[in-house]
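Just below is one structure, and these are the notes that go with it.
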Amino acid sequence: MCSSHNLIASDKRGIVHDMAMEQAMAPAARFFDDDRYLRTVVAEKPPAKSAAEAHGAARLAGCRAGALILDAGCGNGRHAVPLARAGYRVVGLDSSGVLLAAARRAARDDLWPHFVRGSYTKLEFEAAAFDAVLCLGTSLGYLGDDGDLAALREFRRVLVPGGRLVVETLHRGEIGARLREHEERPLGYGGTLRVERRFDRARGVMREAQRLEDGTGDASPRTYELRVYGGDELRRMLEGAGFVVTGCYASLDGEGEPSSTTPLVLVGEAAAPGCGSGLGQ
Ligand SMILES: C[S@@+](CC[C@H](N)C(=O)[O-])C[C@H]1O[C@@H](n2cnc3c(N)ncnc32)[C@H](O)[C@@H]1O
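Numbering (the working numbering), first residue to last: 1 to 281.
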């Protein structure tokens, strides 16, 4: 499955200038472009854990050595960088300039990953360019159902037929269970993250406000809204975008079933053209 392909990206700095994207992304972009999000991720996601997740995702995607992988919503590159160091050719795409800058620092002068700024709803890559697409750590859900479906269709378009998509995201079953309305998380370096959540169960939407108290000055709240899917809902959405769902798990290890204490991991295989219900729409 994992052969080599040409890919076309954006300009030389890897920045896609797209005002419509900037506007569509505005609420989530404010959240992710704030340096406090980066500080929180660095504190809560140790490199060894991120590398283990990344390797699990590559296994679920069936990647062979040297596979060309798109990490869609790559954040600070915590999965893309270890995958590149393991020999995969990885393109990390994200809409956040702050997170991409951190990703480029982490990659140092290595040939891979390539980091590209843009929205996954409108990918600047050729059709069938990638052997696998990863969308990890809850990178979907910030643009509502229509935006998520547009993203999944783009993932299908840029995948070779038979190539796999791995999505790891918050699971709707976690709402009110692992995800409580109030949460206080101590961070390794001495700070505290205070989280307030509200759930609109009818819409499957979670609104979260975070306050980071770490003595660096600004503890004002930052908010975002996230569409949180159940397994069947996300499965239908993948099918509508032209995937055949081949796995549903509780973790990127590919084990267990999603529950009230685990994320939701779905694996979809890009159907051959003409086989997927949502292709060409
Ligand atoms: C919760 S973070 C996860 C990042 C990374 N995958 C990880 O596991 O650390 C969600 C990421 O999705 C990115 N994102 C949200 N909407 C996006 C869009 N439309 N296009 C590209 N990236 C997007 C954000 O900028 C952010 O980096």
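Glycine residues also receive a C-beta, built at the ideal position from the N, C-alpha and C atoms.
query                                                                                                          : result
Exposed unless 16 or more other CB atoms sit within 10 angstroms - verdict on Leu212                           : buried
Every unbroken alpha helix (DSSP H) within the segment 52 to 99, with a cutoff of 4 residues, ordered by chain : 80 to 85
Distance CB(Asn76)-CB(Leu99) smaller than 8 Å                                                                  : yes
Arg78: CB within 7 Å of a non-hydrogen atom of ligand 1                                                        : yes
Alpha-carbon spacing of Val228 relative to Glu44, whole angstroms                                              : 21 Å
For Gly247, the first and last residue of its enclosing beta strand (DSSP E)                                   : 243 to 249
Residue burial classification, Leu111 (beta-carbon count within 10 angstroms, cutoff 16)                       : exposed
Contact under 8 Å by Cβ, Glu183 with Gly137                                                                    : no
Alpha-carbon to alpha-carbon, Pro82 and Ala270                                                                 : 25 Å
Whether Ala28 touches Ile69 by CB criterion (8 Å)                                                              : no
Beta-carbon proximity list for Arg104, same chain, < 6 Å, skipping 5 on both sides                             : Phe115
Option in Ala52, Arg59, Arg36 with minimal Cα separation from Val166                                           : Arg59
Nearest neighbour of Thr261, chosen from Leu152, Ala127, Val267, His171 [CA to CA]                             : His171
Check: Val116 C-beta below 7 Å from any heavy atom of ligand 1                                                 : no
Helix, strand or coil at Val41 [DSSP, three-state]                                                             : helix
Same chain only: Cβ atoms within 6 Å of Tyr88, ignoring 5 sequence neighbours per side                         : Ala67, Ile69
Leu134 vs Glu154 beta-carbon contact at 8 Å                                                                    : no
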